[in-house]
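For what it's worth, this note's numbering labels the leading residue of the sequence shown as 755, then goes sequentially. Glycine is no exception: its CB is placed at the ideal position from the N, C-alpha and C atoms. Remember, predicted model here, so these are calculated numbers, not experimental data.
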Amino acid sequence: MTLFGVGLGPGEADLVTVRGKQVLEEADVVYSPGRLSRSVALKHVDESKIGDLDFPMTKDEEKLRSAWKEAAAEIAPNAREGDVAFVTLGDPNVYSTFGHLRRTIDAFHPDVELEIVPGVSAVTAFATAMGVEIEAGAGLSLREAANGHSPTGPDRMILFKVTDAPATHEGLLEAGYDVTYGRRLFMEQGETLVTDDPAEIDERDYYTLAYAVKEDLEIEQATAAFEHDGEESGTASSEDDSTTSGEPVADGGKTIELERAEGCAHGDCGGH
């Protein structure tokens, strides 16, 4: 007798968590807010279990509120009688449509039990898809960059909803950032693309991320010294890993200065 908010991950059906797959298979009804999340859910449940919801393509807040009230009124009775899943790409609590449903259910159907099943968000999956390592101790800020917006300030940023890459790129270059773009990362629908050329992704696509890092930013991790040791001697001796007193040194005997960036203060986005 529960409404589950299930994160489907970034878009590939086999990136749904084991817990998420279990909930989908056991749910009496599975609701989806959009075409893409529906297609992922259909890899795990029969179409007969899919419940239909209608969300208008509009920025009119009154129409949107009305649509969410209707959705909640459709879902709540089923969640009182059995288990219901509402799926969304990414994670239900990271730039997700599930937040709208949760607030609406809380306001008009407070007796409905809610449980959230986290999913892999594109906000984290991007690092693997783009071949980027976010080192321990590094600061990372999450910003929106729709319609050519170019947020600046932090040393490292993940930008989502990059719908006008050339305009965003121009502003970031002027501010001294190196930028890599990723489109439809870990998504079965559409072509996955990773590039540092904004001209390759100049058409609008909601599912485009960018990773921006200051050009002069350098953070040397303690274990980076192993690369130099290996180049010089092939193997590191036990004496190299200790001080004159014989005590081991965790960071290779150097003090590492870590720069930290400031932290960051709907449809089928799922964290893209």
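- The alpha helix (DSSP H) runs lying completely inside the stretch 755-819 and spanning 4 residues or more are 772-780, 789-795, given in chain order.
- In this structure, the alpha-carbon of phenylalanine 852 lies about 35 Å from that of leucine 927.
- Linking alanine 899 to tyrosine 935 through their CA atoms gives a straight-line distance of about 12 Å.
- Secondary structure note for threonine 946: it is in no alpha helix (DSSP H), with a DSSP letter that is neither H nor E.
- The C-beta of serine 802 has fewer than 16 other C-beta atoms within 10 Å across all chains shown, which makes the residue exposed.
- The secondary-structure analysis by DSSP pairs tyrosine 965 across a beta bridge with Ile912, Thr934.
- Between valine 838 and leucine 762, the gap from beta carbon to beta carbon reaches 8 Å or more.
- Under the criterion of beta carbons closer than 8 Å, phenylalanine 758 and valine 777 qualify as touching, at roughly 5 Å.
- In this structure, leucine 790 keeps its C-beta atom at 8 Å or more from the C-beta atom of glycine 774.
- The residue from Trp822, Asp782, Ser820 with its alpha-carbon nearest to that of glycine 805 is Asp782.
- In the DSSP annotation of this structure, the continuous segment of the beta strand (DSSP E) that includes alanine 839 starts and ends at 838-842.
- Of all alpha-carbon atoms in Gly885, Ala876, Met884, Phe980, the one lying nearest the alpha-carbon of tyrosine 960 is that of Ala876.
- At a Cβ-Cβ threshold of 8 Å, alanine 919 and proline 952 count as neighbours.
- Annotated three-state conformation of isoleucine 955 is helix, per DSSP.
- Contact check between the stretch 874-889 and the stretch 813-825: fewer than three CB pairs, one atom from each, fall below 8 Å, which does not count as touching.
- In this structure, Asp950 is the residue among Tyr785, Asp950, Pro846 with its C-alpha nearest to the C-alpha of valine 967.
- For glutamate 779, same chain residues with a beta-carbon under 7 Å away, outside a window of 5 residues either side, are His798, Val799 in chain order.
- Going by C-alpha positions, glycine 930 is about 6 Å away from glutamate 969.
- Per DSSP, leucine 926 is not a residue of any beta strand (DSSP E); the alpha helix (DSSP H) it occupies stretches across 919-928.
- Annotated as proximal: glycine 902 and alanine 921, with beta-carbon spacing under 8 Å.
- Assignment of beta-bridge partners to valine 871 by DSSP yields Val760.
- If you draw a straight line from the Cα of valine 916 to the Cα of isoleucine 859, it comes to about 31 Å.
- Excluding five sequence positions before and after aspartate 865, the CB atoms of its chain that fall closer than 8 Å to its own CB belong to Arg834, given in chain order.
- Taking C-beta separations shorter than 8 Å and ignoring five residues to either side along the sequence, the partners of phenylalanine 862 in its chain run Lys823, Ala826, Ala827, Ala830, following chain order.
- Nearest C-alpha to alanine 892 among Val784, Ile912, Arg938, Ser904: Ile912.
- Assignment of glutamate 835 by DSSP, reduced to helix, strand and coil, places it in the helix class.
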